[in-house]
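Participant: Sequence lines, in order, name chains L and S.
The numbering of the first sequence is the working numbering, which starts it at 20 and goes up by one.
The numbering of the second sequence is the working numbering, which starts it at 23 and goes up by one.
Every residue gets a Cβ at the ideal spot worked out from N, C-alpha and C, and that includes glycine.
The structure that follows is given in the form of structure tokens.
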Amino acid sequence: MGGYGDVQLLNDDGSRLDGRKVDEMRPVSIEAGVLPAADGSAMVTHGLNVAVAAVYGPMEAHPRKIQRQDRAVIDVRYNMAPFSTSDRIRPGFNRRSREISKVTAEALESVVLVERYPRSKIRVEIEILAAEAGTRCAGITAAAVALADAGIPMRDMIVGVASGKIEDTVVLDLDKAEDNYGQADLPVGILPNTGEIAFLQMDGDLSPAEYELAMEYNFKAAREIHDIMVDALQRRYEGGEA
Amino acid sequence: MVELVPSLLRQELARLAEENQRIDGRGRWDSRDVSLETDCLYNAEGSAKVVIGGTVVYAGVKFELRTPWPDRPTQGSLMCGAELRPVAGRKYEPGPPSPESIELSRVVDRGIRESGCIDMESLCIVPGEKVWGVMIDIHVLSDQGNIFDACGLAAIAALRTAVVPAERFDVGEDHTLQVNGTPIMASFTRVGGRFVLDANEQEELGGDERIHITLGDEGHLHSLQKGLKGVFTPAEFAEIFDVAQKRCVELRELVAEKEGN
Numbered sequence: 020m021g022g023y024g025d026v027q028l029l030n031d032d033g034s035r036l037d038g039r040k041v042d043e044m045r046p047v048s049i050e051a052g053v054l055p056a057a058d059g060s061a062m063v064t065h066g067l068n069v070a071v072a073a074v075y076g077p078m079e080a081h082p083r084k085i086q087r088q089d090r091a092v093i094d095v096r097y098n099m100a101p102f103s104t105s106d107r108i109r110p111g112f113n114r115r116s117r118e119i120s121k122v123t124a125e126a127l128e129s130v131v132l133v134e135r136y137p138r139s140k141i142r143v144e145i146e147i148l149a150a151e152a153g154t155r156c157a158g159i160t161a162a163a164v165a166l167a168d169a170g171i172p173m174r175d176m177i178v179g180v181a182s183g184k185i186e187d188t189v190v191l192d193l194d195k196a197e198d199n200y201g202q203a204d205l206p207v208g209i210l211p212n213t214g215e216i217a218f219l220q221m222d223g224d225l226s227p228a229e230y231e232l233a234m235e236y237n238f239k240a241a242r243e244i245h246d247i248m249v250d251a252l253q254r255r256y257e258g259g260e261a
Numbered sequence: 023m024v025e026l027v028p029s030l031l032r033q034e035l036a037r038l039a040e041e042n043q044r045i046d047g048r049g050r051w052d053s054r055d056v057s058l059e060t061d062c063l064y065n066a067e068g069s070a071k072v073v074i075g076g077t078v079v080y081a082g083v084k085f086e087l088r089t090p091w092p093d094r095p096t097q098g099s100l101m102c103g104a105e106l107r108p109v110a111g112r113k114y115e116p117g118p119p120s121p122e123s124i125e126l127s128r129v130v131d132r133g134i135r136e137s138g139c140i141d142m143e144s145l146c147i148v149p150g151e152k153v154w155g156v157m158i159d160i161h162v163l164s165d166q167g168n169i170f171d172a173c174g175l176a177a178i179a180a181l182r183t184a185v186v187p188a189e190r191f192d193v194g195e196d197h198t199l200q201v202n203g204t205p206i207m208a209s210f211t212r213v214g215g216r217f218v219l220d221a222n223e224q225e226e227l228g229g230d231e232r233i234h235i236t237l238g239d240e241g242h243l244h245s246l247q248k249g250l251k252g253v254f255t256p257a258e259f260a261e262i263f264d265v266a267q268k269r270c271v272e273l274r275e276l277v278a279e280k281e282g283n
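Listed below in structure tokens is the structure:
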């Protein structure tokens with residue numbers, strides 16, 4: 020996390036700088052089937068973040084050494100477009116995007132019924148077109164909708180959400196300023212129906228009680244986003260454009 | 023190894039060409055629907071989304087302050103790059119930029135640069151010390167044919183709607199980037215033995231060489247490129263050049279609409 024307490028992030032009435040309540044998330048909209056070349060795709064707009072996910076496969080896994088005899092492997096690439104941030108990002112791999120790709124792949128492997136597709140590979144491409152804090156979560160949500168759009172069976176959906184702490188107050192869904200100057204960030208991937216957690220990261224400083232509250236906010240937000248995900252898929256397959 | 027699907031596809035495309043038809047029912051010089059959206063990405067200083075059929079491309083413009091080249095102390099710089107990332111299609115793989123993506127970047131870059139639509143002198147802030155570097159990054163998200171035209175259109179539309187973020191860099195007030203002209207690319211692919219406009223994915227898979235023509239506002243040529251194996255005659259070029267003139271006028275009007283001119 021950035022600094023501590025030197026920037027005011029809460030108004031005098033306890034609301035946040037953008038007017039949200041502490042347990043209020045930024046507006047989320049989702050569209051499924053946005054990329055015709057992909058087997059499944061989705062675009063998630065979460066506040067000012069824009070994440071697009073494409074799914075290809077299941078397909079033959081090559082080189083053969085990556086094959087697993089009893090299940091499919093999920094190959095995730097999380098990538099930020101050069102124009103997605105305030106300062107341009109040089110294209111190509113970096114350590115941050117590699118780590119996010121790895122833990123996202125492991126989270127998705129926990130929900131996709133990978134044992135249905137032995138020796139195959141499912142490619143998940145997450146492209147961040149606009150980044151204003153919370154892109155890994157928007158990416159996970161987009162990937163889940165894209166996987167469903169591709170018709171790949173899953174135990175549950177997975178929803179990316181985050182809570183954090185600013186000015187010693189636990190808040191849901193940090194925006195850019197809150198992320199830069201806040202005290203903690205707790206991004207998670209929640210399975211809304213089973214209530215399980217498949218993705219977990221955290222940095223900063225949280226007391227056990229603050230963790231409990233942050234997680235409570237995350238579960239509440241996950242249920243809200245899940246409704247939006249389901250709605251996006253229903254719009255895609257109920258009479259809308261195919 | 024004979025690639026089975028392309029060879030069957032080639033036969034079918036050749037048969038259709040004899041009947042003067044295309045695989046998706048279009049006429050030879052018909053384009054798929056083109057849609058253009060600008061100002062669609064929050065952090066880009068200029069942005070555009072182009073959809074041509076099933077091809078989806080985004081372009082974003084960023085600025086940076088840099089010191090000018092010693093031999094050109096009063097000139098800024100322009101860079102245009104296209105990334106063909108694995109998101110764009112089943113055939114794309116991760117790794118360093120492929121020859122295809124380098125060709126794409128350079129052809130789009132030349133069309134814009136050589137049209138002179140960006141006056142490099144206008145990017146100078148303090149001669150010899152501080153100039154703007156303008157970077158256009160193009161992101162291909164879905165390739166279903168003719169990404170060249172989509173990238174060219176997205177790049178110029180993003181550029182023409184870009185705002186120079188001078189306040190953020192503490193060098194004056196934000197202002198719209200001065201762009202003098204709208205260079206537009208038109209691409210043709212040989213399919214079933216004859217050239218067609220705006221080839222789709224199947225036509226590219228079962229087709230031959232492609233020709234990219236970038237024209238400025240006055241109809242002057244600013245960039246030409248022939249890609250892939252094959253030859254063409256001057257008469258064939260004359261034919262597609264006429265079509266390119268009309269195509270570029272149409273797409274230029276589409277860009278002007280988005281600027282509210």
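So S:Gly76 and L:Ala56 are supposed to be a Cβ contact under 8 angstroms. How far apart are they, rounded?
Facilitator: For the purposes of this step, residue 76 of chain S is identified with residue 54 of the second sequence, where counting begins at 1. For the purposes of this step, residue 56 of chain L is identified with residue 37 of the first sequence, where counting begins at 1. Taking the Cβ atoms as the reference, S:Gly76 lies roughly 6 angstroms from L:Ala56, within the contact range of under 8 angstroms.
Participant: Please list, in chain order, the chain L residues whose beta carbon lies closer than 7 angstroms to that of S:Asp220.
Facilitator: The count along the second sequence starts at 1 and reaches residue 220 of chain S at position 198. Within 7 angstroms of the CB of S:Asp220, no CB atom of chain L is found; the nearest one sits about 15 angstroms away.
Participant: Say whether chain S places a C-beta atom closer than 9 angstroms to the C-beta of L:Asp32.
Facilitator: Numbered from 1 along the first sequence, position 13 holds the residue referred to as residue 32 of chain L. In terms of beta-carbon proximity, L:Asp32 stays away from the interface with chain S, with every pair separated by 9 angstroms or more.
Participant: So, are the CB atoms of S:Glu34 and S:Gly252 less than 9 angstroms apart?
Facilitator: The residue labelled residue 34 of chain S in the question sits at position 12 within the second sequence. The residue labelled residue 252 of chain S in the question sits at position 230 within the second sequence. Cβ distance not < 9 angstroms, so S:Glu34 and S:Gly252 don't count as in contact.
Participant: Run down chain S in chain order and give the residues with a C-beta less than 7 angstroms from the C-beta of L:Thr104.
Facilitator: The residue you call residue 104 of chain L lines up with position 85 of the first sequence. Going along chain S in sequence order, the residues near L:Thr104 (Cβ under 7 angstroms) are Asn65.
Participant: Along the chain, where does the alpha helix (DSSP H) that runs through S:Glu146 open and close?
Facilitator: As a working note, residue 146 of chain S is residue 124 in the second sequence. Here residue 146 of chain S turns out to be Cys, not Glu, going by the sequence shown. Per DSSP, S:Cys146 belongs to no alpha helix (DSSP H); it is in the beta strand (DSSP E), 146-148.
Participant: Is L:Val180 close to chain S, meaning its C-beta is less than 9 angstroms from at least one C-beta of that chain?
Facilitator: The residue labelled residue 180 of chain L in the question sits at position 161 within the first sequence. Judged by the 9 angstroms Cβ criterion, L:Val180 is not in contact with chain S.
Participant: Would you mind reading off the limits of the alpha helix (DSSP H) that contains S:Asp264?
Facilitator: Taking the first residue of the second sequence as position 1, residue 264 of chain S is located at position 242. 256-281 is the span of the alpha helix (DSSP H), which, as asked, contains S:Asp264.
Participant: Alpha carbon to alpha carbon, how far is S:Met23 from L:Gln86?
Facilitator: Against the second sequence, residue 23 of chain S aligns to sequence position 1. Against the first sequence, residue 86 of chain L aligns to sequence position 67. With a pLDDT of only 41 at S:Met23, under the threshold of 50, the placement of this residue in the model should not be trusted; the figure read from the coordinates follows. Straight-line Cα distance between these residues: approximately 25 angstroms.
Participant: Relative to chain L, which residues along the region 161-181 of chain S have a C-beta separation below 9 angstroms, given in chain order?
Facilitator: His161, Leu163, Ser164, Asp165, Gln166, Ala180
Participant: Across the region 42-60 of chain L and the region 98-117 of chain S, are there enough close Cβ pairs to call them in contact, namely three or more that are closer than 8 angstroms?
Facilitator: yes
Participant: Cβ of S:Glu189 less than 9 angstroms from any chain B Cβ?
Facilitator: No chain B is present in this structure, whose protein chains are L and S.
Participant: So is S:Asp93 in contact with chain L if we call contact Cβ pairs under 9 angstroms?
Facilitator: Taking the first residue of the second sequence as 1, we reach residue 93 of chain S at position 71. Answer no: the Cβ-Cβ gap between S:Asp93 and chain L never drops below 9 angstroms.
Participant: Just checking: is the beta-carbon of S:Pro28 within a distance shorter than 9 angstroms of some beta-carbon in chain L?
Facilitator: The residue labelled residue 28 of chain S in the question sits at position 6 within the second sequence. Closer than 9 angstroms: no.
Participant: Just tell me which of S:Asp61, S:Thr60, S:Val72 has its CA closest to the CA of S:Arg54.
Facilitator: As a first step, residue 54 of chain S is located in the second sequence; it is residue number 32 there, counting from the start. Checked all of S:Asp61, S:Thr60, S:Val72; the closest Cα to S:Arg54 is S:Val72.
Participant: Taking Cβ-Cβ distances shorter than 7 angstroms, what residues in chain S pair up with L:Asn98?
Facilitator: Stepping through the first sequence from its first residue, residue 98 of chain L is reached at position 79. Simply Arg107.
Participant: Which residues in chain S have a C-beta closer than 7 angstroms to the C-beta of L:Val63? List them in chain order.
Facilitator: For this step, residue 63 of chain L is matched to residue 44 along the first sequence. Simply none; closest approach about 14 angstroms.
Participant: For S:Ser209, I'd like the list of residues in its chain whose CB is within less than 8 angstroms of its CB, leaving aside the five on either flank, ordered along the chain.
Facilitator: Numbered from its first residue, the second sequence carries residue 209 of chain S at position 187. For S:Ser209, where only same-chain residues beyond five positions count, the Cβ hits under 8 angstroms are Asn168, Phe170, Asp171, Leu219, Asp220, Ala221, Arg232, Ile233, His234, Ile235.
Participant: Short of 7 angstroms in beta carbon distance, which residues of its chain neighbour L:Lys219, apart from the five on each side in sequence? Order them along the chain.
Facilitator: Along the first sequence, one-based indexing puts residue 219 of chain L at 200. Position check: residue 219 of chain L holds Leu in this sequence, whereas Lys was assumed. Here the set comprises Val207.
Participant: Please confirm whether L:Ile177 and L:Leu210 have their CB atoms less than 9 angstroms apart.
Facilitator: Taking the first residue of the first sequence as 1, we reach residue 177 of chain L at position 158. Taking the first residue of the first sequence as 1, we reach residue 210 of chain L at position 191. A contact, by the Cβ cut-off of 9 angstroms.
Participant: When the Cα atoms are used, what is the spatial distance from L:Gly21 to L:Glu186?
Facilitator: The sequence position of residue 21 of chain L within the first sequence is 2, counting from 1. The sequence position of residue 186 of chain L within the first sequence is 167, counting from 1. Annotation note: pLDDT 49 at L:Gly21 (below 50); position unreliable, coordinate value reported separately. Those two C-alpha atoms are separated by around 13 angstroms.
Participant: Should S:Asp159 be flagged as near chain L, meaning a C-beta pair shorter than 9 angstroms?
Facilitator: As a working mapping, residue 159 of chain S is identified with position 137 in the second sequence. So, interface residue.
Participant: Please report whether the beta-carbon of L:Glu136 lies at a distance below 9 angstroms from any beta-carbon of chain S.
Facilitator: Walking along the first sequence from the start, residue 136 of chain L turns up at place 117. Looking at the sequence itself, residue 136 of chain L is Tyr, so the reference to Glu does not match. Taking Cβ atoms only, chain S never reaches closer than 9 angstroms to L:Tyr136, which makes this a no.
Participant: Leaving out five residues on either side along the sequence, give the residues of the same chain with a beta carbon under 7 angstroms from the beta carbon of L:Ala261.
Facilitator: Within the first sequence, the letter at position 242 stands for residue 261 of chain L. Residue placement at L:Ala261 cannot be trusted, given a pLDDT of 46 that sits under 50; the coordinates are not used to answer.
Participant: On the CB-based measure, 16 or more other CB atoms within 10 Å of its CB, does L:Phe112 come out buried or exposed?
Facilitator: What you label residue 112 of chain L is simply residue 93 of the first sequence in a count that begins at 1. Under this definition L:Phe112 is an exposed residue.
Participant: Three-state secondary structure (DSSP) at L:Thr64?
Facilitator: Position 45 of the first sequence holds residue 64 of chain L. L:Thr64 falls in the strand class under three-state DSSP.
Participant: What are the boundary residues of the alpha helix (DSSP H) that L:Asp94 is part of?
Facilitator: Position 75 of the first sequence, counting from 1, holds the residue named residue 94 of chain L. L:Asp94 -> not in any alpha helix (DSSP H); beta strand (DSSP E) instead, spanning 92-99.
Participant: Hey, how far is the Cα of L:Tyr200 from the Cα of L:Ile141?
Facilitator: Stepping through the first sequence from its first residue, residue 200 of chain L is reached at position 181. Stepping through the first sequence from its first residue, residue 141 of chain L is reached at position 122. Roughly 38 angstroms between the two C-alpha positions.
Participant: Note down the Cα distance separating L:Leu232 from L:Ala152, rounded to an integer number of angstroms.
Facilitator: Position 213 of the first sequence, counting from 1, holds the residue named residue 232 of chain L. Position 133 of the first sequence, counting from 1, holds the residue named residue 152 of chain L. Spanning the two alpha carbons is a distance of roughly 20 angstroms.
Participant: List, in order along the chain, the chain L residues whose C-beta lies closer than 9 angstroms to that of S:Val83?
Facilitator: Against the second sequence, residue 83 of chain S aligns to sequence position 61. At a beta-carbon threshold of 9 angstroms, the residues of chain L lying near S:Val83 are Phe102, ordered along the chain.
Participant: Looking at C-alpha atoms only, which residue of S:Pro28, S:Leu145, S:Leu175 is the closest neighbour of S:Val130?
Facilitator: Within the second sequence, residue 130 of chain S is the residue found at index 108, counting from 1. Among S:Pro28, S:Leu145, S:Leu175, the Cα nearest to that of S:Val130 is on S:Leu175.
Participant: Output the boundary residues of the beta strand (DSSP E) element that contains L:Ala217.
Facilitator: As a first step, residue 217 of chain L is located in the first sequence; it is residue number 198 there, counting from the start. L:Ala217 -> beta strand (DSSP E) spans 215-219.
Participant: Is there a C-beta anywhere in chain S that falls below 9 angstroms from the one on L:Glu79?
Facilitator: As a first step, residue 79 of chain L is located in the first sequence; it is residue number 60 there, counting from the start. Answer no: the Cβ-Cβ gap between L:Glu79 and chain S never drops below 9 angstroms.
Participant: Enumerate in chain order the residues of its own chain whose CB-to-CB distance from S:Ala188 is below 7 angstroms, with the five nearest sequence positions on each side excluded.
Facilitator: Locating residue 188 of chain S in the second sequence gives position 166, where the first residue counts as 1. Excluding sequence neighbours, S:Ala188 sits near Gly194, Glu195, Asp196, His197.
Participant: What span of residues does the alpha helix (DSSP H) with L:Thr123 cover, start to end?
Facilitator: Locating residue 123 of chain L in the first sequence gives position 104, counting from the first residue. Element bounds for L:Thr123: 114-128.
Participant: In the DSSP assignment, the alpha helix (DSSP H) including S:Phe170 goes from what residue to what residue?
Facilitator: Here the question's residue 170 of chain S lines up with position 148 in the second sequence. Here the alpha helix (DSSP H) through S:Phe170 covers 169-182.
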